[in-house]
Amino acid sequence: MTFLAKSTPKPPRVQGAGRVLILVYGILALGATGRSVYQLSERFAEAPLAYSLSALSAVVYIVATIALIAPGRAWYRVAWSTISFELTGVVVIGTISTFAPGLLGLDGVDPFGQQSTVWSVYGAGYVFIPLVLPVLGMLWLHRHHPAGAVLAKAPGGA
Amino acid sequence: MIGWFTIVVVTIATLSGVLCVVLGLIGKAPNDLSMGGTALVALLMFAQLVITIVAPFAGNHPTGSLFEFYLYLVSAVLLPFAGGLWALMDRTRWSTVVLGAICLAIAVMMVRMSIIWNVQGA
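Heads up: the sequence lines are chains C and V, in that order. Quick note, the first sequence lines up with residues 1 to 158 if you use the working numbering. Quick note, the second sequence lines up with residues 1 to 122 if you use the working numbering.
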């Protein structure tokens, strides 16, 4: 991250508190990726839908982390899209996993169990960070849009 | 995993995390206190790595997946170094908050690791 930020002129959103946001995104991307690599490689047959969602969320967190670091309008839009997608994911999957875990092929409601994803029960297994982070991310993006750019509209609202 | 060691690590990582976040928010750039706290957490994670390598030979086996356990452990060993490097290169108060966030993340990861080792397969 540091090297990326050094090699190009720093966009405003990489400074100050934005760095903390990027770091937390990075950790979440790491956690989601690690978990999904394990789930896909050792237990995929158990709950294919839930584990595929886990992998999808991992990819989206990685793209969101990169989009927050990378400069330019295009990446700014990518950041909005991925972060909106995450908020949608955590709300939708959070609701389904809490009230109808069977739809995802899960045995029950357990945010800490082997079958859980980062989005299960609104991210309870990750101290609800997956629920809070997209909101903070949107606030941050809203206040740090690239100079001169038309403010991108968030599909999920801010 | 060793029960009391897990408790020590989670306690120290949480305290160090809260300390760094507070120091950062009151405007301190990374200093000996925040870097020291993070270094201590890094050292403890190294100790946990050694414990994890040795434990199966001493008859202490995980109930859950050792592979998943190592995914967490390797991340937790590397994170303080990434944060420390960041703090050395970027000497602003936000780097101190970053150190704190890393320590808190390690505390959470340690709890997850303990669940994988002790509870998951049961």
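C-beta: ideal position from N, C-alpha, C; glycine also.
Pairwise C-alpha distance: residue j and residue i
{"i": "PHE57 (chain V)", "j": "ALA42 (chain V)", "result": "24 Å"}
{"i": "PHE128 (chain C)", "j": "SER116 (chain C)", "result": "13 Å"}
{"i": "MET110 (chain V)", "j": "THR6 (chain V)", "result": "7 Å"}
{"i": "LEU104 (chain V)", "j": "THR14 (chain V)", "result": "5 Å"}
{"i": "GLY140 (chain C)", "j": "GLY72 (chain C)", "result": "Checking the sequence, you will find Trp at residue 140 (chain C) rather than Gly. Using only the alpha carbons, I get a separation of about 15 Å."}
{"i": "HIS145 (chain C)", "j": "THR88 (chain C)", "result": "22 Å"}
{"i": "TRP86 (chain V)", "j": "ALA100 (chain C)", "result": "43 Å"}
{"i": "GLU86 (chain C)", "j": "VAL22 (chain V)", "result": "29 Å"}
{"i": "VAL119 (chain V)", "j": "ARG93 (chain V)", "result": "39 Å"}
{"i": "VAL135 (chain C)", "j": "ILE83 (chain C)", "result": "8 Å"}
{"i": "PHE44 (chain C)", "j": "LEU106 (chain C)", "result": "12 Å"}
{"i": "TRP159 (chain C)", "j": "VAL91 (chain C)", "result": "Lying outside 1 to 158, the shown extent of chain C, residue 159 (chain C) is not represented and no answer is given."}
{"i": "GLY16 (chain C)", "j": "GLU46 (chain C)", "result": "43 Å"}
{"i": "VAL98 (chain V)", "j": "MET113 (chain V)", "result": "22 Å"}
{"i": "ALA152 (chain C)", "j": "TRP117 (chain V)", "result": "For ALA152 (chain C), the pLDDT reaches just 45, beneath the cut-off of 50, and the residue's location in the model is therefore unreliable, leaving the point undetermined."}
Beta-carbon spacing of residue i, residue j below 9 Å
{"i": "PRO30 (chain V)", "j": "LEU88 (chain V)", "result": "yes"}
{"i": "ALA55 (chain V)", "j": "ILE2 (chain V)", "result": "yes"}
{"i": "GLY84 (chain V)", "j": "MET45 (chain V)", "result": "no"}
{"i": "SER36 (chain C)", "j": "ALA67 (chain C)", "result": "no"}
{"i": "LEU21 (chain C)", "j": "LEU104 (chain C)", "result": "no"}
{"i": "VAL121 (chain C)", "j": "GLY94 (chain C)", "result": "yes"}
{"i": "TYR159 (chain C)", "j": "GLU68 (chain V)", "result": "Missing from the structure shown is residue 159 (chain C); chain C here goes from 1 to 158 and no further."}
Neighbouring residues, chain C, relative to residue i (Cβ below 7 Å)
{"i": "PHE67 (chain V)", "result": "TYR38 and GLU42"}
{"i": "ALA105 (chain V)", "result": "ILE27"}
Residue i: contacting residues in chain V (beta-carbon distance under 8 Å)
{"i": "PHE137 (chain C)", "result": "Phe is not the amino acid found at residue 137 (chain C); the sequence shown has Gly there. Correct list: empty, because the minimum Cβ distance to chain V is about 15 Å."}
{"i": "VAL59 (chain C)", "result": "Those within 8 Å of VAL59 (chain C) in chain V number zero; the least Cβ separation is about 17 Å."}
Contacts that residue i makes with chain V (C-beta to C-beta distance below 7 Å)
{"i": "ALA17 (chain C)", "result": "TRP94"}
{"i": "LEU30 (chain C)", "result": "SER75"}
{"i": "GLY127 (chain C)", "result": "It is Val, not Gly, that sits at residue 127 (chain C) in the sequence shown. Neighbours of VAL127 (chain C) on chain V, chain order: VAL108."}
Under 8 Å by beta carbon: chain C residues contacting residue i
{"i": "LEU71 (chain V)", "result": "GLY34, ARG35, VAL37 and TYR38"}
Within chain C, the residues that residue i reaches when beta carbons sit closer than 9 Å
{"i": "ALA87 (chain V)", "result": "Under the 9 Å cutoff, chain C gives no residues; its nearest Cβ is about 10 Å from ALA87 (chain V)."}
Under 8 Å, CB to CB, which of the residues in the segment 89-103 of chain V have a partner in chain C?
MET89, ASP90, THR92, TRP94, SER95, VAL97, VAL98, ALA101 and ILE102
Length-filtered (3 minimum) beta strand (DSSP E) runs lying within the segment 25-70 of chain C
none
Please identify, using Cβ separations under 7 Å, the residues of the segment 29-41 of chain V that lie next to chain C, in order along the chain.
none
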